[in-house]
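Read in order, the letters of the sequence shown correspond to residues -5 to 498 in the numbering used here.
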Amino acid sequence: MPHPLSPVVSLPEAPAPSTATPGPWTQRYAALGEDFVAPLTPSPLPAPYWVGRNDALATQLGLSSDWAVSDALLQVFTGNQVPVGAAQTASVYSGHQFGVWAGQLGDGRACALGQLADQEVQLKGAGPTPYSRRGDGRAVLRSSIREFLCSEAMHALGIPTTRALCVTGSNAPVWRETQETAAVVTRVAPSFVRFGHFEHFSHTQQHAQLRTLADYVIDHFYPECRSAAGDDGPYVALLQAVTGRTAEMVAHWQSVGFCHGVMNTDNMSILGLTLDYGPFQFLDGYDPAHICNHSDNQGRYAFHKQPNVAYWNLFCLGQALIPLIGEQEHAIAALETYKTRYPQALATRMAAKLGFAQAHENQRPLIETVLKLLAQERVDFTIFWRRLSHWAASMDAGNASVRDLFVDRAAADAWLADFRALHAQDASFYSAAVSARMLRTNPKFVLRNHLGELAIRAAKTGDFSVLHQLQTVLVDPFAEHPTHEEWAGFAPDWAAGIEISCSS
-5 MPHPLSPVVS
5 LPEAPAPSTA
15 TPGPWTQRYA
25 ALGEDFVAPL
35 TPSPLPAPYW
45 VGRNDALATQ
55 LGLSSDWAVS
65 DALLQVFTGN
75 QVPVGAAQTA
85 SVYSGHQFGV
95 WAGQLGDGRA
105 CALGQLADQE
115 VQLKGAGPTP
125 YSRRGDGRAV
135 LRSSIREFLC
145 SEAMHALGIP
155 TTRALCVTGS
165 NAPVWRETQE
175 TAAVVTRVAP
185 SFVRFGHFEH
195 FSHTQQHAQL
205 RTLADYVIDH
215 FYPECRSAAG
225 DDGPYVALLQ
235 AVTGRTAEMV
245 AHWQSVGFCH
255 GVMNTDNMSI
265 LGLTLDYGPF
275 QFLDGYDPAH
285 ICNHSDNQGR
295 YAFHKQPNVA
305 YWNLFCLGQA
315 LIPLIGEQEH
325 AIAALETYKT
335 RYPQALATRM
345 AAKLGFAQAH
355 ENQRPLIETV
365 LKLLAQERVD
375 FTIFWRRLSH
385 WAASMDAGNA
395 SVRDLFVDRA
405 AADAWLADFR
415 ALHAQDASFY
425 SAAVSARMLR
435 TNPKFVLRNH
445 LGELAIRAAK
455 TGDFSVLHQL
465 QTVLVDPFAE
475 HPTHEEWAGF
485 APDWAAGIEI
495 SCSS
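This is the structure in structure tokens:
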């Protein structure tokens, strides 16, 4: 394997299809036809090398235990070779970006290989496609590392998400704000169909293709919707099911302080998966109005706006499905379920963070008060919940680890007293059980911006050890990992200067 800093060499000719790779591959989505996907010609990158790998996911996909030393797989997951049975394609979709209709978009730098072990495998950064819109179709090492780490961190937190199998790198230059080096991240999901796919066929009046797409999604991912009564029943049921999954996903985001950063309709998964890791961030100090995307000048995707943005995006999906649903009232009724599903999902998540086995209305004042206190003083979100989880084991007066996070100690003490009193109302109350429940819910480690930055800085010098160590911690975020205590601490001052934009 060449050193990551070796000189850039000329691009090789596209090699013949590889037979030394796993299979069988299927072309489930591509089989829908040319209205849905466009074939691609491989755009090889020179002298690729491994940056990061996910052995657990590799096993699920049926890759052999020695896959990490396979040059054939290195070439496949860089986009340089096409396995037998696979086919490089890009899908077309449209969408609303920052609330404005953007027209046709499509996979500008995503290359689908097909399905492996019933999972769609997609290369992000493998070269230009017909939908690149004058872009280079490439991804850079920086953004690929962030997506690789965060995809698996979110999965470990129990949040629905696309997965990341590996990252490969090349010294081929890529220009963003400055010159960077190329990388390819291999993404895995049951499907990468987005709200924008439906918007595309609806807005272009391709209603036959819209029905084909909806039937494909129902038959493969929402079969329970097929039996809904009426001609429009399956499509109404689909809209309601997607609404429910989206509500659950966003509630989980809010409960861990995750900011997506660019919730355009073309970045919304029809399966309710967290999709497209660009300008994301986990909150440090709790600020409901925090904007993590440096490109979001109007604050459309601020943290506290995410639930309403998801609702708005669902309405765009509902509008796109009207040619199949027919009656607008039926679509609205399906969408209105968000207004109960989301608050219920969030209440369940917050109850678990507080150590309660079930959500109850009497917990609401406790939740509202603590979020207000955290916001007033920008208390570190992850550290607060983790310290509270440990303190709950005894709930005694020795609450310095929690109260020291606040300037207003009296307010913190009063809230802790209320927390203790509410738990004490439970006849089966046992503080050790409460603490154990909280420690399984409130992570010690999340992918803070500065941790990702440390991995990126090291990787740019050819050192991937920080990435690998972070990966080990993030896939087990509720464990203590005492040798990496510093990664659970407060963000350093320089972290506030990290700017994450849509190019990240």
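Heads up, the beta-carbon is just placed ideally off N, CA and C, and yes, glycines get one too.
{"Check": "Nearest to Tyr336 by alpha carbon, out of Met243, Tyr271 and Glu174?", "Outcome": "Met243"}
{"Check": "Of the residues Ile264, Lys347 and Leu39, which one's Cα is nearest the Cα of Leu308?", "Outcome": "Ile264"}
{"Check": "Please report the straight-line C-alpha distance between Ser138 and Ile212, rounded to a whole angstrom.", "Outcome": "31 Å"}
{"Check": "How about Val250: is its Cβ closer than 6 Å to a heavy atom in the ligand HEM?", "Outcome": "Only the bare structure without any ligand can be found here, which leaves the ligand HEM out of the picture."}
{"Check": "Can you give, in chain order, each stretch of the alpha helix (DSSP H) that sits fully within the stretch 122 to 207 and has at least 4 residues?", "Outcome": "135 to 150 and 189 to 197"}
{"Check": "Quick one: what's got a C-beta closer than 8 Å to Trp488's C-beta in the same chain, skipping five residues either side?", "Outcome": "His444"}
{"Check": "DSSP has Gln91 in a bridge; who is on the other side?", "Outcome": "Val94"}
{"Check": "Rounded to a whole number of angstroms, what is the C-alpha to C-alpha distance between Gln352 and Ile361?", "Outcome": "14 Å"}
{"Check": "On the criterion of 16 or more Cβ atoms from any shown chain inside 10 Å, does Ser59 qualify as buried, or is it exposed?", "Outcome": "exposed"}
{"Check": "Which one of Gln109, Leu135 and Gly102 has the shortest CA to CA distance from Pro124?", "Outcome": "Gly102"}
{"Check": "Rounded to whole angstroms, what is the Cα-Cα separation between Glu493 and Gly320?", "Outcome": "45 Å"}
{"Check": "Looking at C-alpha atoms only, which residue of Gly272, Tyr271, Ser289 and Arg294 is the closest neighbour of Pro282?", "Outcome": "Arg294"}
{"Check": "Can the beta-carbon of Thr342 be found closer than 7 Å to that of Thr237?", "Outcome": "no"}
{"Check": "Among residues of its own chain, excluding the 5 on either side of Asp290, which ones have a beta-carbon nearer than 8 Å to its beta-carbon?", "Outcome": "Phe92, Gly255, Val256, Pro273 and Ala296"}
{"Check": "For Ser425, does the three-state DSSP call read helix, strand or coil?", "Outcome": "helix"}
{"Check": "Just the Cα atoms here: how many angstroms apart are Val168 and Val179?", "Outcome": "15 Å"}
{"Check": "Mind the definition here: the stretch 383 to 398 touches the stretch 429 to 437 only if three or more C-beta pairs lie below 8 Å; say whether that holds.", "Outcome": "yes"}
{"Check": "When you compare only the Cα positions, how much space is there between Ser196 and Trp95?", "Outcome": "13 Å"}
{"Check": "The beta strand (DSSP E) spanning Trp61 covers which residue range?", "Outcome": "No beta strand (DSSP E) contains Trp61, which DSSP labels as neither H nor E."}
{"Check": "Beta-carbon within less than 7 Å of Ser495's beta-carbon, same chain only, minus the 5 sequence neighbours each way: which residues are those?", "Outcome": "Pro273, Asn287, His288 and Ser289"}
{"Check": "Please look up how many angstroms separate the CB atoms of Tyr87 and His201, rounded, as I've assumed it's under 8 Å.", "Outcome": "Not confirmed; about 16 Å, so no contact."}
{"Check": "Could you give the distance in angstroms between the alpha-carbon of Arg216 and the alpha-carbon of Leu267?", "Outcome": "The question names Arg, but residue 216 is Tyr in the sequence shown. Each residue's alpha carbon lies about 14 Å from the other."}
{"Check": "Short of 7 Å in beta carbon distance, which residues of its chain neighbour Ala245, apart from the five on each side in sequence? Order them along the chain.", "Outcome": "Tyr336, Ala339, Leu340 and Arg343"}
{"Check": "Using three-state DSSP, classify Gln69 as helix, strand or coil.", "Outcome": "helix"}
{"Check": "May I have the straight-line CA-CA distance separating Val115 from Arg181, to the nearest angstrom?", "Outcome": "6 Å"}
{"Check": "Can you check which of these residues, Asp278, Val78 and Leu99, is closest to Ser85 by C-alpha distance?", "Outcome": "Leu99"}
{"Check": "With DSSP run on the structure shown, which of helix, strand or coil describes Gln292?", "Outcome": "coil"}
{"Check": "Would you kindly work out how many angstroms separate the C-alpha atoms of Ala346 and Pro359, rounded to a whole number?", "Outcome": "15 Å"}
{"Check": "Compare the Cα-Cα distances from Gln113 to each of Leu57, Leu233 and Ala133 and report the closest residue.", "Outcome": "Leu57"}
{"Check": "In or out: Tyr424 buried (at least 16 other Cβ within 10 Å) or exposed?", "Outcome": "exposed"}
{"Check": "Starting from the C-beta of Leu5, find all residues in its chain whose C-beta is less than 6 Å away, skip the five residues before and the five after it, and write them out in chain order.", "Outcome": "Residue placement at Leu5 cannot be trusted, given a pLDDT of 34 that sits under 50; what the coordinates show is reported in the next sentence. Cβ neighbours of Leu5 beyond the five flanking positions: Pro38 and Pro40."}
{"Check": "When we look at the beta-carbon of Pro228 and count the other beta-carbons within 10 Å, is it buried (16 or more) or exposed?", "Outcome": "buried"}
{"Check": "Select from Lys438, Ala391, His462 and Pro437 the residue whose C-alpha is nearest the C-alpha of Gly446.", "Outcome": "His462"}
{"Check": "Note down, one range per segment and in chain order, each alpha helix (DSSP H) of at least 4 residues found wholly within the stretch 400 to 450.", "Outcome": "403 to 418 and 425 to 433"}
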